[in-house]
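*Asks:* Encoded as structure tokens, here's the structure I'll be asking about.
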Amino acid sequence: MRPQLKKFIEQIGKDAIAIIPAAHEVTRSYDTEFKFHQDPDFYYLTGFPEPDAIAVIDPSNKKNPYTLFVRPRDPKMETWYGRREGTEGAKKNYGADKALPIEKFPQELAKMVNGHEKLFYRFGVDGKLDQQILTYLSAQRFRRLKTAYPPHTIVDPILLIHDMRLHKTPEEVELMQKSADIAAEAHILAMQSVKPEMNESQIESIIEHYFRMNGAAGVSYNSIIGGGANATILHYVENNAPLRDGDLLLIDAGAQYKGYASDITRTFPVNGRFTKPQRDIYDIVLDVEIKCLEATRKGTTIKERQKLSIELLTEGMKELGLLKGKTKDLIKKKAYEKYYMHGVGHYLGLDVHDAGRYFTDHRAKESRPFAPGMVLTVEPGIYVPVDAKDAPAKYRGIGVRIEDDVLVTEDGNVNLTAKVPKQAEEIEELMNNK
Ligand code: GLY
Ligand code: MN
Ligand code: MN
580 MRPQLKKFIE
590 QIGKDAIAII
600 PAAHEVTRSY
610 DTEFKFHQDP
620 DFYYLTGFPE
630 PDAIAVIDPS
640 NKKNPYTLFV
650 RPRDPKMETW
660 YGRREGTEGA
670 KKNYGADKAL
680 PIEKFPQELA
690 KMVNGHEKLF
700 YRFGVDGKLD
710 QQILTYLSAQ
720 RFRRLKTAYP
730 PHTIVDPILL
740 IHDMRLHKTP
750 EEVELMQKSA
760 DIAAEAHILA
770 MQSVKPEMNE
780 SQIESIIEHY
790 FRMNGAAGVS
800 YNSIIGGGAN
810 ATILHYVENN
820 APLRDGDLLL
830 IDAGAQYKGY
840 ASDITRTFPV
850 NGRFTKPQRD
860 IYDIVLDVEI
870 KCLEATRKGT
880 TIKERQKLSI
890 ELLTEGMKEL
900 GLLKGKTKDL
910 IKKKAYEKYY
920 MHGVGHYLGL
930 DVHDAGRYFT
940 DHRAKESRPF
950 APGMVLTVEP
960 GIYVPVDAKD
970 APAKYRGIGV
980 RIEDDVLVTE
990 DGNVNLTAKV
1000 PKQAEEIEEL
1010 MNNK
């Protein structure tokens, strides 16, 4: 049994049972599907890679605490759509104590769940399963105190699972470092490969080719490859414009390695040399990134780090002439939002915007301090829209973001993505001396 599952069993307690579903395939068009992506919570607990499975976790069941419902072996289906583990594989290769065909789930439900005080299940994600569980609950409730004993408390398991996911084990950190290394090397390759008149799409393919050639399953989110003013669109994913001599290129791309995401952004000149206005903005963003990275340590809260990024970027925007006035007033008015409109970072793990609460209380009042084992991105940016009439003309259409992935440790942090150059001189050196 996976250590994560063992810990989950200890946490939910003996009077509970948990039902955790896998993801389903999603139709892309007509009779084709998108590439399958497993539900990260299900994957975290079970490691089982197939769609249409359900894990039932019953800590009080001494013999079979972990039952996995899976798609059964089926030679014809497997010839058309791919191999299946089946019930045997679920036990042998994924440590299930008991495995049953998924079709049996509705009829087994009452047998498994009756007699437990609490049911850990998240409503609102899988409509079909919700309906099966509601049908069971409403049928059983009439029988309560007579012949059945359905759970009286329904609990969302996600808070427990997400809190576990937030604190990475050494084994998870190792996978995240590998994901970060692959992505870092791909970014370096992109810097070495880009030339004016190449298309954003070609750079995307160079990066994603490198990911897959080096063991990653693919991307951890759709790559953002934005040349020139496309860099001012935060989630630009069209990635199909020609790259122009004299423009910057912003690349925000991360790999998915054994389920774990990396998330790196670098911004660099298409022709290998920053112009003066580009460099003015770049150096300010870099200075803020380095300071926010330094602040990503045990005890600092996400709110404090956000505030730091806002203060420093507001100062920087004043230096550039993008904003005018007293820093305090500009911050109060949120004047910076015109050029910096996102958070300075997020948790990173199986999801790129990973699981875990950012607050320590449910009213979202107290921001949560960073703790060893958390991995966060740090990603400040300045984006000057092409039509920003108040901005000096030389800065219009420039977007810069710099993003690293940082592990919080007992006595500081480790930058998992440190190997991609980010000092402007280092980038120019790399691009001009390949
Ligand atoms: N690539 C998405 C993000 O940086 O948050
Ligand atoms: Mn990113
Ligand atoms: Mn990010």
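According to my numbering, the sequence shown is numbered sequentially starting from 580. All C-beta atoms, glycine included, are put in the ideal place defined by N, C-alpha and C.
Would the beta-carbon of residue 987 fall within 8 Å of that of residue 959?
*Replies:* No. Outside cutoff.
*Asks:* Taking 7 Å as the cut-off, is the C-beta of residue 958 nearer than that to any heavy atom in ligand 3?
*Replies:* Checking the Cβ of residue 958 against ligand 3 gives yes.
*Asks:* From this set, 605, 640, 583, 801, which residue's C-alpha is nearest residue 622's C-alpha?
*Replies:* Here the closest residue by C-alpha is 583.
*Asks:* Between residue 733 and the rest of its own chain, which residues show a CB-CB distance below 7 Å, the 5 nearest in sequence each way excluded?
*Replies:* Answer for residue 733: 698, 700, listed in chain order.
*Asks:* In the structure shown, what three-state DSSP assignment does residue 704 receive?
*Replies:* The answer is coil: DSSP assigns residue 704 none of H, G, I, E or B.
*Asks:* Starting from the Cα of residue 828, find the closest Cα among 888, 643, 983, 782 and give me that residue.
*Replies:* Minimum Cα distance to residue 828 is reached at 782.
*Asks:* Which partner residues does residue 835 have in the DSSP bridge list?
*Replies:* Looking at the DSSP assignment, residue 835 forms a beta bridge with 797, 840.
*Asks:* Quick one: residues in its chain with C-beta nearer than 8 Å to the C-beta of residue 791, no 5 flanking neighbours on either side, listed in chain order?
*Replies:* Correct list, in chain order: 797.
*Asks:* Does ligand 3 have a heavy atom nearer than 7 Å to the CB of residue 842?
*Replies:* Flag set: Cβ of residue 842 near ligand 3.
*Asks:* Sort 714, 619, 735, 806 by Cα distance to residue 978 and report the nearest one.
*Replies:* Minimum Cα distance to residue 978 is reached at 806.
*Asks:* Exposed or buried, what is residue 847 when buried is set at 16 or more other beta-carbons lying within 10 Å of its beta-carbon?
*Replies:* Buried, since its Cβ has 16 or more Cβ neighbours within 10 Å.
*Asks:* Going by other Cβ atoms of all chains shown within 10 Å of its Cβ, with 16 needed for buried, is residue 953 buried or exposed?
*Replies:* Per the 10 Å Cβ criterion, buried.
*Asks:* Just the Cα atoms here: how many angstroms apart are residue 1002 and residue 852?
*Replies:* Using only the alpha carbons, I get a separation of about 12 Å.
*Asks:* Since residue 741 contacts residue 935 with CB under 8 Å, what's their CB separation in whole angstroms?
*Replies:* Contact flag correct, Cβ pair sits at about 5 Å.
*Asks:* Is residue 866 near ligand 2, in the sense that its beta carbon is under 7 Å from a heavy atom of that ligand?
*Replies:* No; taking the cut-off as 7 Å, the Cβ of residue 866 has no heavy atom of ligand 2 nearer than that.
*Asks:* Give every residue of the same chain whose Cβ lies closer than 8 Å to the Cβ of residue 820, excluding the five residues on either side of it in the sequence, and list them in chain order.
*Replies:* So the qualifying residues of the chain are 778, 779, 806, 807, 809.
*Asks:* Would residue 831 pass as a contact of residue 850 if the rule is Cβ separation under 8 Å?
*Replies:* No; because the gap between Cβ atoms is not below 8 Å, this pair is not in contact.
*Asks:* Please say whether residue 596 and residue 636 have beta carbons closer to each other than 8 Å?
*Replies:* It is a contact, given that the beta carbons lie within the stated cut-off.
*Asks:* How about residue 766: is its Cβ closer than 7 Å to a heavy atom in ligand 1?
*Replies:* Incorrect: residue 766 has no Cβ contact closer than 7 Å to ligand 1.
*Asks:* Among 618, 594, 592, 898, which residue has its Cα nearest to the Cα of residue 604?
*Replies:* Ranking the options by Cα distance to residue 604, first place goes to 618.
*Asks:* In this structure, how does DSSP classify residue 817 when only helix, strand and coil are distinguished?
*Replies:* In the structure shown, residue 817 sits in coil (DSSP, three-state: anything other than H, G, I, E or B).
*Asks:* Given this structure, state the Cα-to-Cα distance separating residue 644 from residue 737, to the nearest angstrom.
*Replies:* Cα to Cα, the separation comes out at about 19 Å.
*Asks:* Quick one: Cα of residue 923 to Cα of residue 761, how far?
*Replies:* Taking the straight line from one Cα to the other gives about 23 Å.
*Asks:* Start and end of the beta strand (DSSP E) containing residue 854?
*Replies:* No beta strand (DSSP E) holds residue 854; DSSP gives it neither H nor E.
*Asks:* If we count the other Cβ atoms within 10 Å of its Cβ and call it buried at 16 or more, is residue 833 buried or exposed?
*Replies:* Answer is buried; the Cβ neighbour count reaches 16.
*Asks:* For a test of your reading of the model: does the CB of residue 983 fall under 7 Å from any non-hydrogen atom of ligand 1? Yes or no.
*Replies:* Flag unset: Cβ of residue 983 not near ligand 1.
*Asks:* Using a Cβ-based criterion (distance less than 7 Å to any ligand heavy atom), does residue 941 qualify as near ligand 3?
*Replies:* Not under cutoff, so the answer is no.
*Asks:* Is the Cβ-Cβ distance between residue 991 and residue 876 less than 8 Å?
*Replies:* Yes, these two residues count as a Cβ contact at 8 Å.
*Asks:* Which two residues bound the contiguous alpha helix (DSSP H) that contains residue 608?
*Replies:* Where residue 608 is concerned, there is no enclosing alpha helix (DSSP H), although the beta strand (DSSP E) it sits in stretches over 606-608.
*Asks:* Quick check on this structure: which residue in 970, 911, 802 has the alpha carbon closest to the alpha carbon of residue 918?
*Replies:* Nearest option by C-alpha distance: 970.
*Asks:* State yes or no: is the C-beta of residue 845 within less than 8 Å of the C-beta of residue 766?
*Replies:* Yes, the pair counts as a contact, with Cβ atoms nearer than the cut-off.
*Asks:* Let's test the definition: count the other Cβ atoms within 10 Å of the Cβ of residue 646 and tell me whether it reaches 16, buried, or not, exposed.
*Replies:* Buried, by the Cβ-count rule.
*Asks:* Would you mind stating whether residue 773 and residue 713 have Cβ atoms separated by less than 8 Å?
*Replies:* In this structure, residue 713 does not lie closer than 8 Å to residue 773 by Cβ.
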